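**Q** Here it is: the structure, laid out below.
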Amino acid sequence: MEFIIGKFNYWIYIILMMIGFYAMIAKKNLVKKIVGMNIFQTAIILFFVSTGSKKGATIPIIQNYKDVNQVIDAAQYMNPLPHVLMLTAIVVMVSTFGVALALLLMIFKKYRTFEEDEILEILKQGRGK
Amino acid sequence: MNMTEHAPILIILIPLLASFLNLLIGLWRKRLCYPFVVAALGMCVFSSFVILNTVINTGNISYRLGGWAPPWGIEYVIDHLNAFIIAIVSFMSFITAVYSKKSIEQELPEKTVYFYTIYLLLVTGLLGITATGDVFNLYVFLEITSLAGYALIAIGRDKAPLASFNYVIMGTIGACFYLLGVGYLYIATGSLNIADLAKLLPELYHSKVILVAFAFFMVGIAIKIALFPLHVWLPDAYTYAPSTVSAFVASTMTKVGAYAMIRIMFTVFEPRFSIELLPATAILGWVAAAAMVYGCILAVAQTDLKRMLSYILIAEVGYIVMGISLANREGFTGAVLHILNDAFMMACLFMVAGAVAYKTGASNMQDFKGLNKKMPFTMAALIIAALSMVGVPPTAGFFSKWYLILGAIAAQKWLFAALFLLSSLAVAVVFFRIIQTVYFEVSKEVSVPVNSVSKEFSKSKQTLKTDTDTSFNEAPVSMLMPIFIMTAGILLLGLFSGNIISAVIQFTVPKGF
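Quick note, the sequences are listed as chains A and B, same order.
Numbering follows the numbering used here, in which position 80 of the first sequence is assigned residue number 80; successive positions increment by one, without gaps.
Numbering follows the numbering used here, in which position 199 of the second sequence is assigned residue number 328; successive positions increment by one, without gaps.
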């Protein structure tokens, strides 16, 4: 039980990631695929952010910083690096999402549908603008 | 400012800044874009050769971004392998940019400005992946490359948006797996710098976290380079992309991915980890063998030239990965040499496909009848590239395949050596069929009334020319010149492959091989 509750953030990351992965692979609707992609990426962000946080720790800003040799207890401060990495990853995620939405618009203009099997049907019959 | 000192960052900054400037210039004067892009990429080629020269003469370059010391700041490390790949990518981008003028004017008349902007971003991403010495920085550049790639592929013909969409889904899974790998490594070691990781990791080789990280890296990169079971996005994407994009992307993107794979397997992790502790090379060897067979067999079945080339590309990725997985000196030399040769061959063949499509609108190989009279120079280039693909001496393709087969024999993997020969045979069948169509089948003269042609012109925006006469009608000079350079390159690389190996490639082989 401790194994599950003590590391609940990682369990949730795995569950979320699998939900997103399932949607990306198995769903026939292209919009649902993109939503799945977003969940997938968000799960990874959750994973990174939770690796950086510590119980009872504060933000990594040192108060009354005076002399260089001052001893700092690392356990009192969160690790800011994974969080900063995730800022970049969020930017990447948003732009991927934007590109995917733009592609969806193009696909919709061409085939008037978001359903993958309908599009394949149209392609088989050689219709489509 | 000392040019050589800052060359590692300049090579990324030049295309990045040029891509933004290009947009502004394009808004002002559209036709200035092309000379500007060619000039910018010319500078890139120049600085890439400066880097290569420096590395050959004085050894590895380390560049600190913003002056921060390596484990904390981002460091750019250039050794022989990097410098080699950077030179290939920037040279290809330059030649393809020269080639792009006419074909982009025909295929995307209203979008030239945006095309060049994204094209430069793609070049930035590819060069960034090769130059960086930081695993997270590599992820960012990987995503820049992919995003630019999605956009460029989506503006192609027919099914292009759908193909690009599938690529987005697959590519995102690949990139996310890579990112997870980075995360796991960071948890275990607390570092993102490649050199630092290489120092910290050996103590942790038996940790499960490291094994999982390695698996994530491998699967993520395998999706990006379209290694056999994960290749499904590639044929559609490269077939329907604009011809310039196919030529550039096919010749560089998979190669840079292969570079990333080499980096992870042999620099971040020690060779003994990838070879002995995990049987990664053994697994990759079988996967690559499957890719070689599968790509060649499906290539035989295709009728569309670009789709056929895409399947051959899958087989070529198999060759490169096979060379890496053989894990001995000959095999690795063959893989790195094949990265160079295959870039030239793929670019040449896709450029020929683009030139034919530009002049006749044909992409199906059955419509190539009689092209030898119409486009003799282009077809001559096709023959030389095809011979090189098959591996006929003295073309470049022969030498890299020679080393790969030597590697397979040295590793005593007789089956793989046989598969190399078998897939060469399949490639020979594919190309001799095209050559037969082009040179020996007489095209039927279909007389198309002039009225109907002009009507078709006005009806549809697509300017597919339906003329089938075989009178001399060669592609424009701006397309022919790059094709000639590529063809000459294939011959010269073959003749000088010994020099290339002794000057650069022998230093790229990881220690312990």
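Glycine residues also receive a C-beta, built at the ideal position from the N, C-alpha and C atoms.
This structure is a prediction, so every number in the text was calculated from the model and none was measured.
Of all the options A:R112, A:A102 and A:S53, which has the alpha carbon lying nearest to the alpha carbon of A:V84?
**A** A:S53
**Q** Is the Cβ of B:G312 closer than 8 Å to any Cβ of chain C?
**A** The structure shown has no chain C; the protein chains it does contain are A and B.
**Q** Hey, does A:M106 have any beta-carbon neighbour from chain B nearer than 8 Å?
**A** yes
**Q** With a cut-off of 8 Å, do at least 3 Cβ pairs link the segment 229-242 of chain B to the segment 184-193 of chain B?
**A** no
**Q** Given a cut-off of 8 Å, decide if B:I215 and B:A260 are closer than it, judged by their beta-carbon atoms.
**A** yes
**Q** With 16 as the cutoff for other CB atoms within 10 Å, does B:P358 come out buried or exposed?
**A** exposed
**Q** Relative to chain B, which residues along the segment 25-55 of chain A have a C-beta separation below 7 Å, given in chain order?
**A** L30, K33, M37, F40, Q41, I44, F47, F48 and T51
**Q** Closest to B:Q635 by C-alpha separation, out of B:D471, B:S600, B:T462 and B:A486, would be which residue?
**A** B:T462
**Q** Just to check, is the beta-carbon of B:S375 closer than 7 Å to a non-hydrogen atom of the ligand MN?
**A** The model depicted lacks the ligand MN and carries no ligand whatsoever.
**Q** Cβ of A:A23 less than 8 Å from any chain B Cβ?
**A** no
**Q** Taking the alpha-carbon of B:I143 as reference, which of B:I298, B:P238 and B:T246 has the nearest alpha-carbon?
**A** Answer by Cα proximity: B:T246.
**Q** Applying the criterion that 16 or more other CB atoms from any shown protein chain within 10 Å of the CB defines a buried residue, is B:W362 buried or exposed?
**A** With 16 or more Cβ atoms within 10 Å of its Cβ, B:W362 is classed as buried.
**Q** Hey, B:L152 and B:I391: beta-carbon distance below 8 Å or not?
**A** Taking 8 Å as the Cβ cut-off, B:L152 and B:I391 do not qualify as a contacting pair.
**Q** Over the uninterrupted beta strand (DSSP E) stretch that includes B:E405, give me the two end residues.
**A** Looking at the DSSP string, B:E405 is not in any beta strand (DSSP E), and its letter there is neither H nor E.
**Q** Which runs of the beta strand (DSSP E) at least 3 residues long sit entirely within the segment 237-284 of chain B? Give them in chain order.
**A** none
**Q** Of all Cβ atoms in chain A, is any one closer than 8 Å to the Cβ of B:S587?
**A** A caution first: B:S587 carries a pLDDT of 44, below 50, which makes its placement in the model too unreliable to give a value.
**Q** Is the CB-CB distance between B:T274 and B:M421 below 8 Å?
**A** A distance of 8 Å or more separates the beta carbons of B:T274 and B:M421.
**Q** Just grab the DSSP bridge partners of B:S191 for me.
**A** Secondary-structure assignment with DSSP links B:S191 through a beta bridge to B:V206.
**Q** Name, going along the chain, the residues of the segment 67-89 of chain A whose beta-carbon falls closer than 9 Å to a beta-carbon of chain B.
**A** N79, L81, P82, L85, T88 and A89
**Q** Going along the chain, which residues of the segment 303-335 of chain B sit with their C-beta nearer than 9 Å to a C-beta in chain A?
**A** A304, C305, L308, L309, V311, G312, Y315, I316, G319 and L321
**Q** Excluding sequence positions up to five away, which residues of its chain have a Cβ less than 6 Å from the Cβ of B:V579?
**A** Legend: pLDDT at B:V579 = 47, less than 50; position of this residue unreliable, no value from coordinates given.
**Q** B:M221 and B:A491: beta carbons closer than 8 Å?
**A** With respect to the 8 Å criterion, B:M221 and B:A491 are not classified as neighbours on the basis of their beta carbons.
**Q** Whole angstroms are fine: how far does the CA of B:I468 sit from the CA of B:V166?
**A** 25 Å
**Q** Can a CB atom of chain B be found closer than 8 Å to the CB of A:L16?
**A** So no, A:L16 is outside the interface.
**Q** Pairs of beta-carbons, one from the segment 274-289 of chain B and one from the segment 363-379 of chain B, closer than 8 Å: are there three or more?
**A** yes
**Q** Between B:K109 and chain A, is there a C-beta pair that is closer than 8 Å?
**A** Because chain B in this structure spans residues 130 to 642, residue 109 of chain B falls outside the shown range and cannot be described.
**Q** Secondary structure at B:Y423, three-state DSSP: helix, strand or coil?
**A** If DSSP states are grouped into helix, strand and coil, B:Y423 belongs with the helices.
**Q** Does any C-beta atom of chain B lie closer than 8 Å to the C-beta of A:K110?
**A** Using a CB distance cut-off of 8 Å, A:K110 counts as an interface residue toward chain B.
**Q** Do the CB positions of B:A389 and B:L267 come within less than 8 Å of each other?
**A** yes
**Q** Go to A:Q41, then tell me how far its alpha helix (DSSP H) extends in each direction, as first and last residue.
**A** L30 to G52
**Q** Please compile the residues from chain A whose C-beta is within a distance smaller than 7 Å of the C-beta of B:A280.
**A** Within chain A, the residues near B:A280 are V99.
**Q** Using the beta-carbon count (16 or more within 10 Å), is B:I441 buried or exposed?
**A** buried
**Q** Can you give the Cα-Cα distance for A:M37 and B:E445, rounded to whole angstroms?
**A** 30 Å
**Q** By DSSP, does A:Y13 sit in helix, in strand, or in coil?
**A** In the three-state scheme derived from DSSP, where H, G and I count as helix and E and B as strand, A:Y13 is classed as helix.
**Q** Run the CB neighbour count on B:Y532, radius 10 Å, all protein chains shown included, and call it buried at 16 or more, exposed below.
**A** buried
**Q** Quick one: residues in its chain with C-beta nearer than 8 Å to the C-beta of A:T113, no 5 flanking neighbours on either side, listed in chain order?
**A** Around A:T113: I119 and I122.
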